Amino acid sequence: MSGGALDGVVRDGNAHSGTTPGVPDRGAGQPVLRLRDLTVEFTTSAGVVRAVDGMSYDVFGGETLGVVGETGSGKSVSVLAALGLLRTPNLRRVSGRALLGDVDLLALPEPDLRRRLGRDVAMIFQDAISALNPVQRVGHQIAEALRVHDRALSAAAARTRVVELLDMVGVPHPGTRYDQYPHQFSGGMCQRVMIAMAIANRPKVLIADEPTTALDVSVQAQILDLLRVARQETGAGVVLITHDLGVVAETADRVSVTYGGRIVEAGDVTQIFTRPRHPYTAALLGALPRLDTASDRLLPIPGQPPDPSELPPGCAFAPRCPISRGRALCTELRPEPVPDGGGAGASACHFPDEAASLLTARPDGEQAAPVDERAEPAGTRESAGAPVTAGGPAAPVLDIREAMARFPVRSGLLARPSAWVHAVDGVSLRVPAGRTLGLVGESGCGKTTLARLVLRLVEPTGGQIMVDGDDVGKAGRSQLRRIRRRAQMVFQDPYASLNPRLSVGDNVAEPLRLQGVPHGRRRLEVADLFTRVGLRPEHADRLPAQFSGGQRQRVAIARALASRPGLLILDEPVSALDVSVQAQVLNLLADLQRASAMAYLFVSHDLAVIRQVADEVAVMYLGRIVESGSVRRVYDDPRHPYTRALLASVPVPDPVGRAGRRRVPLGGDVPSPVDPPSGCRFRTRCPLAAAVCAEEEPPLRLIAGGHTACHFAEQTPGLKPAERTPALKPAEQTPGPEPAERAAGQEPEVRG
Amino acid sequence: MYGYLIRRLLQFAVVLLLGSIAVWGFTFALPGDPATVLLGPDASEAELAATRDRLGLGGSVVEQYVSWIGHAVAGDLGSSYYSGQPVVSELLDRIPATVQLAGLAMALTLLIAVPVGTAVALWPRSVVGRTLQGYLTAGLAVPAFWLGLLLIIVLAVQLRWLPASSDFVPLWRDPGGALTATILPASAIAVHTSSVTARFLATSLGEVMGKDYIRTARAKGVPERDVIRRHALRNASLPTVTIVGLQLGGFLGGTVVIEAVFNYPGLGRLLYTAIGERDYSLVQGGVLFVVATFVLLNLLVDVFYAVLDPRIRLT
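The following block contains the structure:
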């Protein structure tokens, strides 16, 4: 592809002065990093795979370029290759140019390249905890970034500078933290350390590769703010690589959309989101669940993201494209990026003007997937449970009363439990048939433990859990097996939750086999289940490895449906999936529920997904429900400061008016569930906290048609949170080993 | 950190106790009165009486063990049936020689294993990497005693560069002489053990090189040499430390076959002869020493783990 095509794409002239005030206009008009016709090839058993296929883009000083795309679109591989950080043995070829100023990084010998890495161009990686060396002090790791480029810098001077940096990125007690190790830091704190390391040498280019993907929304908001400050501090050009359209809309000045190893559309952020000129961009926006507006139905992109080993000869998106309609031009000729009339953007589509129409045409249920019809007969088959009319009072399928789960923290010589993790601490919920309860909260809040309690995969410490009138906690062995047949679970990771040695058909047939269904009938039922979840029955003999993430999750859903449950527990079922595929799975779940009146307990950290799927919502914080009610009540009239802060932290995929958007600064991390704060557990991070909050634990009260556990629930709508101050400094925390917050939800025992 | 150390120390004490009971108990497995077993058929009545007293043979089983271990801790392990010397002084005669051989063998092992393991991990597909992999396979396959014989034939008998066998020359008195006296048996041992160690190192280093924090170090601009030295090797050393500790324990227990081949006056040969002569007092004392050394080395490995990896200190 011609790098020249995007050469002409000069960024919107007033991108700086207009949308991002206060950005130093360093090197205006002169890009700090230029990728030209970058191509990356791997040798695999399936032949040569071109993961990046002629990618070109520019980054200017002081601006943020968002590179957005799905898994395997080449967005990360391209920068890693450009910086010589791609080390897989099957790397075959990297060609093109990566110009840092006038120097082509790809042409530099390794030692010369290293002299520029970390000094002129720095990277911030996803999953900061594993990106830091576990056996080196955090301060030393930052100091190394300084000293490797400045041999004259003394150890003492480096330490002073590192403590300054740690303070700047909002690490409390930087002097003490300097000497600690990464495992003593939370995920958000580790990412702050990574950022300190990256900006230590005031680089010209800052590349952030999915910097907030593993983080909770409240921490994500802090990190995004910090990135903005880092850009202002250093004047660097920032490349923000992400799959999250919301993050791009919140932070980027310009956007490049990647698909199949190429940039399919580039342009100003507002233009990309309001007048996309490539159907893929438009389709992605349609597939995205929204926090602000609930739509009846998402518009998924049909099919799967392209396999880079077998790209079609024409446009890579053509097989999934809603506007191609099989036009010969699309299937035969690969479109090159063409600048639009204004010169502000470019689109690699033969029919760029038709793309924008996809956004305006947001049909509600008109384009219902064919799955819908296939699911119909299944509903009639469900003879036992007649679909309950929505709204009618129905006996709850799942009734949780004061459920409690505690795990011992063992310490000392004899590993006696010295403290307890209150993972779930007195939670009551009800889910009627045909309805979905969305359970939302940050990591470590106990939502996964609660989901596991329902099937007694975790032993309850107290309370009562009834599934269809049967007490799960008191059930004996055989009764528990019967309950588990009626309540099935779909797990987060479809790669880990299917047995890789069994064919997908056998995976799905497993529950039937356990029930003693004869072989012949099993095959028929599996074929039927495959049809219901939108898989081809003839693929039943394949192994899970031959399927993509979204297809695997369909297999997992089919397996859950095999025993005809009345209750599905969905533990983050779409968080491992790409946006376009996520929409398919969410629609499938909606269709299945409509057809069979199953009750769903839908656990997610993603507020937009919960808004899309749920009827009722419960917000969990440190083992307790802080707010619950209908979707409308919780999202449109949130009364708990935590709910409000969470909602405000979610990046909105709409760049228009982002400068005016108000952010509630929710600092710090979730406190340890081992020793939760007295009174209201949220008070340590609450902007409204008063003396009463420390003394009295607020009960869930009926307020405005929902339940809220806050002393000030009546006043919250009137209260203006502090004006948009960047959530740089988190709440003061005591330094020292931070308890493993994630452990609470996942491991039955935490050793302290 | 202290909790970890104290837990390890307690485990050490328990293992040592069980090991010593096993060593003590073996005299009961042989026919006859333990005192006669230990002293042999030609012992005088006075010797037998002294040994019976040491073993506390009149009392209960617990009393007998306590009496024996009490004497052992005080340095009284009885006398050798063959030489009549106290077992402790017989052992002390040989321990320096064994420690010297073990130390040199371990030094050679590491000297070979670290560069070879690193090279194999970093350039598995290169000519160097493949050649070294060949060495590792050969090193594992060739028996140490056979290699020892080969070394003697070539270097000692034919070329006459080094002595085929010699008395123990302490390193602190004559470093050069000690080296020439010990280098052959040490090499024969090190070829095998370095192949094992290098394999462990290569595997864990190869794994560590793919970790995210290695990529971070590169992205910081750290030269590749320092990436490996400062970031990769320390993380990769944990499994290697375990195997090195086990190997060193093996060396100190006496490399029986090698000492026999080279006629080296170490603990291994002492035990080997003692077994042949049914000198059970000496065998018992020697085995007790070997067990204690092995368990102690494992404790040291655990402590070293905590030094290397801060995460272990917390558990």
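As they're listed, the protein sequences go chains A and B.
Residues 104 to 855 (this note's numbering) make up the first sequence, in order.
Residues 21 to 335 (this note's numbering) make up the second sequence, in order.
For glycine and all other residues, C-beta sits at the position ideal for the given N, C-alpha and C.
It should be emphasised that the depicted structure is a prediction, and the values quoted were computed from it without experimental measurement.
Have a look at residue i and residue j and give me their C-alpha separation to the nearest angstrom.
{"i": "Pro422 (chain A)", "j": "Tyr362 (chain A)", "result": "13 Å"}
{"i": "Ser148 (chain A)", "j": "Asn193 (chain A)", "result": "10 Å"}
{"i": "Gln31 (chain B)", "j": "Gly196 (chain B)", "result": "41 Å"}
{"i": "Ala70 (chain B)", "j": "Tyr101 (chain B)", "result": "13 Å"}
{"i": "Leu221 (chain B)", "j": "Arg150 (chain B)", "result": "16 Å"}
{"i": "Val871 (chain A)", "j": "Gly652 (chain A)", "result": "Past the edges of chain A, shown from 104 to 855, lies residue 871 (chain A), and the structure says nothing about it."}
{"i": "Val350 (chain A)", "j": "Gln229 (chain A)", "result": "14 Å"}
{"i": "Leu725 (chain A)", "j": "Lys240 (chain B)", "result": "37 Å"}
{"i": "Glu67 (chain B)", "j": "Gln304 (chain B)", "result": "17 Å"}
{"i": "Trp44 (chain B)", "j": "Leu316 (chain B)", "result": "19 Å"}
{"i": "Gly121 (chain A)", "j": "Arg509 (chain A)", "result": "Confidence at Gly121 (chain A) is low in this model, with a pLDDT of 36, below 50, so the placement of that residue is unreliable and no value is reported for it."}
{"i": "Pro259 (chain B)", "j": "Pro205 (chain B)", "result": "26 Å"}
With DSSP run on the structure shown, which of helix, strand or coil describes residue i?
{"i": "Ser100 (chain B)", "result": "coil"}
{"i": "Glu368 (chain A)", "result": "strand"}
{"i": "Val81 (chain B)", "result": "helix"}
{"i": "Thr811 (chain A)", "result": "strand"}
{"i": "Tyr292 (chain B)", "result": "helix"}
{"i": "Glu562 (chain A)", "result": "coil"}
{"i": "Ala154 (chain A)", "result": "strand"}
{"i": "Ser186 (chain B)", "result": "coil"}
{"i": "Glu244 (chain B)", "result": "helix"}
{"i": "Tyr22 (chain B)", "result": "helix"}
{"i": "His525 (chain A)", "result": "strand"}
{"i": "Pro780 (chain A)", "result": "coil"}
{"i": "Tyr745 (chain A)", "result": "helix"}
{"i": "Thr552 (chain A)", "result": "helix"}
{"i": "Asp205 (chain A)", "result": "coil"}
{"i": "Glu279 (chain B)", "result": "helix"}
{"i": "Pro195 (chain B)", "result": "helix"}
Does any CB atom of chain A fall closer than 7 Å to the CB of residue i?
{"i": "Asn255 (chain B)", "result": "yes"}
{"i": "Ala326 (chain B)", "result": "no"}
{"i": "Gly241 (chain B)", "result": "yes"}
{"i": "Tyr24 (chain B)", "result": "no"}
{"i": "Pro259 (chain B)", "result": "no"}
{"i": "Pro195 (chain B)", "result": "no"}
{"i": "Thr293 (chain B)", "result": "no"}
{"i": "His212 (chain B)", "result": "no"}
{"i": "Asp322 (chain B)", "result": "no"}
Can you find a CB in chain B that lies within less than 7 Å of the CB of residue i?
{"i": "Arg222 (chain A)", "result": "yes"}
{"i": "Tyr284 (chain A)", "result": "yes"}
{"i": "Asn236 (chain A)", "result": "yes"}
{"i": "Arg217 (chain A)", "result": "yes"}
{"i": "Ala248 (chain A)", "result": "yes"}
{"i": "Val251 (chain A)", "result": "yes"}
{"i": "Ser666 (chain A)", "result": "no"}
{"i": "Met226 (chain A)", "result": "yes"}
{"i": "Arg188 (chain A)", "result": "This sequence places Leu at residue 188 (chain A); Arg is not what is there. It does; some Cβ of chain B falls within 7 Å."}
Could you please give me the residues that DSSP links to residue i through a beta bridge?
{"i": "Leu704 (chain A)", "result": "A:Leu540 and A:Ile672"}
{"i": "Gln567 (chain A)", "result": "A:Arg504"}
{"i": "Leu131 (chain B)", "result": "Its beta-bridge partners do not exist; DSSP assigns none."}
{"i": "Gln591 (chain A)", "result": "A:Leu671"}
{"i": "Pro499 (chain A)", "result": "A:Pro535"}
{"i": "Gly169 (chain A)", "result": "A:Leu343 and A:Val358"}
{"i": "Glu213 (chain A)", "result": "DSSP output for Glu213 (chain A) lists no bridge partner at all."}
{"i": "Asp161 (chain A)", "result": "A:Arg137"}
{"i": "Ser733 (chain A)", "result": "A:Glu719"}
Closer than 7 Å by beta-carbon distance: list the chain C residues that pair up with residue i, in chain order.
{"i": "Met300 (chain A)", "result": "Here the protein chains are A and B, and chain C is not one of them."}
Threshold first: 4 residues or longer. Then list the alpha helix (DSSP H) segments lying entirely within the region 384-471 of chain A, N to C.
431-435, 455-458 and 460-463
Could you give the uninterrupted runs of the alpha helix (DSSP H) lying entirely in the region 243-303 of chain A, keeping only those of 4 residues or more?
258-271, 277-280 and 290-302
In chain order, what are the residue ranges of uninterrupted alpha helix (DSSP H) at least 4 long that sit wholly in the region 640-692 of chain A?
652-664
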